[in-house]
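Before any comments, here is the structure.
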Amino acid sequence: GAVVSQHPSRVICKSGTSVKIECRSLDFQATTMFWYRQFPKQSLMLMATSNEGSKATYEQGVEKDKFLINHASLTLSTLTVTSAHPEDSSFYICSGTPGLDPVLGETQYFGPGTRLLVL
Amino acid sequence: EDQVTQSPEALRLQEGESSSLNCSYTVSGLRGLFWYRQDPGKGPEFLFTLYSAGEEKEKERLKATLTKKESFLHITAPKPEDSATYLCAVQAREGGGGSRLTFGEGTQLTVNP
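Chains as they are written, first to last, in this note's numbering: chain A, -12 to 106; chain B, -1 to 111.
As structure tokens, this is what we get:
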């Protein structure tokens, strides 16, 4: 159990375009979802936290107008990178936590990641 | 501010050569300490959660232990397929922020046949 999927797994886009990444919890309800980015040889950097039906909470230094997060249901969150530029190229990873699930608890379960390349 | 420091940064072992990875942490009240495994180009895979000092958990060749200041991930008789980056993360008992994790930089483990 506790499987998270992401789509697409890889995307290449032109500078100035917008890209949407989907994150789905397949076998549990994710009360909270998180979005991270990871640069080569570095650890995960939290970008934002979102609860279903609420506005996302962004980490300091993350532009909320550039990285739009929608958590429309307990199984789906989306990250839209608006007007993407080459410096936005990175590995984006989402995670979900069941929260009140007595077995799965508050462990974060991660998706497989999305590799974004902006040309 | 919560901090997690992992050592060593990289570790090379021969198949069958047991060793330990270290995770030192400072947190304003520990809610949980998590170990994940990450393969290149993939998302982290959950391994263990530890909640209190003295707790131990095992899974195949891996055993995680926890004290009030650090956690160890012991790898017994590793195999090449254990090669990966191992990430440690802490979750604090904070009023808001839910299940937020603070990650260490990871230990890149290579097991040679």
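By construction, the Cβ of each residue, glycine as well, lies at the ideal position given by its N, Cα and C atoms.
Quiz item: Buried or exposed: His58(A), going by 16 or more other Cβ atoms within 10 Å of its Cβ?
Solution: buried
Quiz prompt | Proximal chain A residues relative to Glu13(B), where beta-carbon distance stays under 9 angstroms | solution = Simply none; closest approach about 25 angstroms.
Practice problem: Can you give me the Cβ contacts of Leu19(B) inside the same chain, cut-off strictly under 6 angstroms, excluding the 5 residues immediately before and after it? | Solution: Leu71, Tyr84, Thr105
Quiz item: Which residues in the same chain as Thr36(A) place their Cβ atom closer than 6 angstroms to its Cβ, once the five residues preceding and following it in sequence are excluded?
Solution: Phe21, Thr44
Quiz item: Measuring CB to CB, does Arg35(B) end up less than 8 angstroms from Leu45(B)?
Solution: yes
Quiz item: Just the Cα atoms here: how many angstroms apart are Gln(-7)(A) and Asp14(A)?
Solution: 14 angstroms
Self-check item: Contact list for Gln47(A) against chain B, beta-carbon separation under 7 angstroms
Solution: Simply none; closest approach about 12 angstroms.
Quiz item: Are any of the Cβ atoms in chain A nearer than 8 angstroms to that of Gln89(B)?
Solution: yes
Quiz prompt | Span separating the alpha-carbon of Gly40(A) from that of Ala82(B) | solution = 36 angstroms
Quiz item: Can you round the beta-carbon distance between Gly27(B) and Arg91(B) to whole angstroms, since I take them to be within the 8 angstroms contact cut?
Solution: 4 angstroms
Quiz item: Which bits of chain A does Arg10(B) rub up against, with CB to CB less than 9 angstroms?
Solution: Chain A residues near Arg10(B): none, gap ~16 angstroms exceeds 9 angstroms.
Practice problem: Look at Leu118(A) and Ser70(A) and say whether their C-beta atoms are less than 8 angstroms apart. | Solution: The structure shown does not extend to residue 118(A), since chain A spans only -12 to 106, so no value can be given for it.
Quiz item: Under 8 angstroms, do Ala62(B) and Val2(B) count as touching if we go by C-beta distance?
Solution: no
Quiz item: Closest to Leu64(B) by CA distance: which of Thr24(B), Gln12(B), Arg10(B), Glu7(B) is it?
Solution: Thr24(B)
Quiz item: On the three-state DSSP scale, how would you describe Glu79(B)?
Solution: helix
Quiz item: How would you write the range of the beta strand (DSSP E) that Ser18(B) sits in, first residue to last?
Solution: 17 to 24
Self-check item: Option nearest Gln47(A) by Cα separation, candidates Leu63(A), Leu33(A), Leu55(A)
Solution: Leu33(A)
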